[in-house]
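Numbering (our numbering), first residue to last: 61 to 551.
Below: the structure, in structure tokens.
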């Protein structure tokens, strides 16, 4: 993320690594160029891997925008496209899928800045303004997912304008009850803070802070035995508290704390008095301290309740003791959401659950210097690389990451976390390199209309009618390439 340090290697080591990666790019996992499984025209490669990575990121992003996004309809995103038949399916991407496009553009913009700071300004000069304009269009397109409703939470009743799962007409999306979820808002917060830090556009920060306020309004501050129950449900219509609705907000909270550090700006902290367990309290806090406090709270809640025996993070805490329908209670004449005790932890331990916590640990360690976060980073890196990828049976020296369901995007969250952790722990290098090799294999052998297959090591299905590709996966690949560019530029 913008301004965050990366692993520190000497320039000689970096140069050596760059040469090896260039050689690998030209000979990875088979013959370079088109074959029966895909392949097509590629831009002339650069001789610097950081630059090459960013060139590829931009190329994939541009191809994905062309294939999936309808700019004439407010950046309407098709979920699937087949690059062999040029068929675009009518299903529209959810707001979560749409956010992947913002992530790819942010990652490319950030890598452009990093390369320019490293004395290589060509791609920045050529593409930065264009991508800032693309980012602006994407953020504007979010309004097709926006709607307004009134929510009664644990501390207040308030009207909110947030982002629903599904696209509708501008500003009129359904967002009540289970039509919006907190994790979708969190991924937007993350990317909009990134957008602000890269471009300085105040609007991006304002939207991010508003959504952060909404997310933190979902924090379960009800009291049991003198302590907060804690945790953020999957959404306002759910009891279950998920890894995906807690871990992703940790890093953005740290970034917001940094943005407001030393500025003396105040905010309102709403919670419940621990002494009587019922009285709602509103107090003014320094905004920087408020955000860091919640970053710690969320991180430690998830570590306490969702970390498994392997040191990875399960999917959710569920099974409320008061049934599956949201219930309410009246305290001092005011209606609030009623708490529930949750009894069961459920899996699986997806890659992105651990990835979000790994990035969170990296940011918390960076700003606090507390060794527990560094220890957590090292442990999560080892445990996740041991658990999730398997050695490829067909390509020696490669690691196959999970591909079922949405794992391609999930894996991208973990890859970004490895890059974050590599600034502080030495065991993140091999996992990072595994992603570089797989991307290069796919790009060298299976590129089709500028797009990559789900299996970067095996390529596309030979049945061309089965080559529908998720748009969010293409933006994931683009974001990964840009993140790897920044990783090399900053080493």
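The C-beta atom is built at its ideal place from N, Cα and C for all residues, glycine as well.
Please classify residue 541: is it buried, with 16 or more other beta-carbons within 10 angstroms of its beta-carbon, or exposed?
Counting Cβ neighbours within 10 Å, residue 541 comes out buried, since at least 16 surround it.
Using the three-state DSSP reduction, which class does residue 403 fall into: helix, strand or coil?
In this structure, residue 403 counts as strand in the three-state DSSP scheme.
Only counting runs of 4 or more residues, tell me where the alpha helix (DSSP H) segments fall wholly within the region 265-329, in order along the chain.
With a minimum length of 4 residues, the continuous alpha helix (DSSP H) runs that stay inside the region 265-329 are 310-319.
Determine the direct distance from the alpha carbon of residue 240 to that of residue 186, and round the result to whole angstroms.
Rounded to whole angstroms, residue 186 to residue 240 spans 38 angstroms at the Cα level.
Take every Cβ of the region 238-253, pair it with every Cβ of the region 294-310, and state whether three or more of those distances are shorter than 8 angstroms.
Yes: the two stretches touch, three or more of their Cβ pairs being nearer than 8 angstroms.
Whose C-alpha, out of 109, 89, 120 and 376, is nearest the C-alpha of residue 537?
Nearest of 109, 89, 120 and 376 to residue 537, Cα basis: 120.
Quick one: grab the DSSP three-state call for residue 182.
Helix.
Examine the Cβ distances between the region 311-320 and the region 250-257 and report whether three or more of them are shorter than 8 angstroms.
Touching, yes, given that three or more Cβ pairs across the two stretches are closer than 8 angstroms.
Could you pull out every unbroken beta strand (DSSP E) segment of at least 3 residues lying fully inside the region 387-445, listed in chain order?
If we require 3 residues or more, the beta strand (DSSP E) runs fully inside the region 387-445 come out as 388-391, 394-397 and 402-406.
Which word fits residue 551, buried or exposed, when buried means at least 16 other C-beta atoms lie within 10 angstroms of its C-beta?
With 16 or more other Cβ atoms within 10 Å, it is buried.
Since residue 635 contacts residue 124 with CB under 8 angstroms, what's their CB separation in whole angstroms?
The chain is shown only over 61 to 551; residue 635 falls outside these bounds and no answer can be derived.
Taking residue 424 as the reference, give the member of 389, 492 and 353 with the closest Cα.
Out of 389, 492 and 353, 353 has the C-alpha closest to the C-alpha of residue 424.
So the candidates are 454, 490 and 397; which of them puts its Cα closest to the Cα of residue 297?
Among 454, 490 and 397, the Cα nearest to that of residue 297 belongs to 397.
At the level of alpha carbons, what is the spacing between residue 88 and residue 374?
Unreliable positioning characterises residue 88 in this predicted model, as indicated by a pLDDT of 48, which lies under 50. The coordinate reading is nonetheless provided below. Looking at the two C-alpha atoms, the distance is approximately 34 angstroms.
Take residue 494 and list the residues in its own chain whose beta-carbon comes closer than 6 angstroms to its own, dropping the five residues that flank it on each side.
Closer than 6 angstroms at the Cβ level, and outside the excluded window around residue 494, lie 459.
Answer yes or no: do residue 207 and residue 233 have a C-beta to C-beta separation smaller than 7 angstroms?
Yes; because the gap between Cβ atoms is below 7 angstroms, this pair is in contact.
So, for residue 448: in the same chain, excluding its five sequence neighbours on each side, which residues have a beta-carbon less than 7 angstroms away from its beta-carbon?
If we look at residue 448 and ignore the five residues flanking it on each side, its Cβ neighbours are 411, 461 and 462.
What is the rounded straight-line gap between the Cα of residue 371 and the Cα of residue 427?
Their Cα atoms are separated by approximately 23 angstroms.
Measure the Cβ-Cβ separation of residue 399 and residue 289 and say whether it is below 7 angstroms.
For residue 399 and residue 289, yes; Cβs fall inside 7 angstroms.
Which residues mark the beginning and the end of the alpha helix (DSSP H) in which residue 207 is found?
Run containing residue 207: none in the alpha helix (DSSP H); it sits in the beta strand (DSSP E), 206-212.
Give the secondary structure of residue 216 by DSSP, where H, G and I count as helix, E and B as strand, and everything else as coil.
If DSSP states are grouped into helix, strand and coil, residue 216 belongs with coil.
Quick check: the Cα distance between residue 341 and residue 331, rounded to an integer number of angstroms?
The alpha-carbon atoms of residue 341 and residue 331 are separated by roughly 5 angstroms.
Mapping DSSP to helix, strand and coil, what is residue 382?
It is coil, neither helix nor strand.
Mind checking which residues open and close the beta strand (DSSP E) that includes residue 135?
No beta strand (DSSP E) contains residue 135, which DSSP labels as neither H nor E.
Taking only three categories from DSSP, how would you classify residue 473?
Three-state result, residue 473: helix.
Who are the Cβ neighbours of residue 145 in its own chain at under 8 angstroms, not counting the five residues just before and after it?
These residues qualify, in order along the chain: 524, 525 and 527.
Assuming contact is defined by CB atoms lying nearer than 7 angstroms, are residue 167 and residue 549 in contact in what I supplied?
Result no, Cβ atoms of residue 167 and residue 549 do not sit closer than 7 angstroms.
Can you check DSSP and say which residues form a bridge with residue 458?
Answer is none; residue 458 lacks a bridge partner.
Kindly identify the DSSP beta-bridge partner or partners of residue 346.
DSSP output for residue 346 lists 326 as bridge partner(s).
By the 10 Å Cβ neighbour count, where 16 or more other Cβ atoms means buried, how is residue 345 classified, buried or exposed?
Exposed: under 16 other Cβ atoms inside 10 Å.
Please state the DSSP three-state secondary structure of residue 376.
The answer is strand: DSSP assigns residue 376 an E or B state.
My understanding is that residue 546 touches residue 476, with C-beta atoms under 8 angstroms, so please give their C-beta distance in whole angstroms.
Residue 546 to residue 476, Cβ: 10 angstroms. No contact.
Using CA atoms only, rank isn't needed, just tell me which of 217, 382 and 517 is closest to residue 453.
Closest by alpha carbon: 517.
If you drop the 5 nearest sequence neighbours on each side, which residues of the same chain put their C-beta closer than 6 angstroms to that of residue 143?
Result list for residue 143: 508, 509 and 511, in chain order.
Tell whether a beta-carbon distance below 7 angstroms holds between residue 300 and residue 413.
No, these two residues do not count as a Cβ contact at 7 angstroms.
How many angstroms separate the CA atom of residue 271 from the CA atom of residue 222?
Approximately 7 angstroms between the Cα atoms of the pair.
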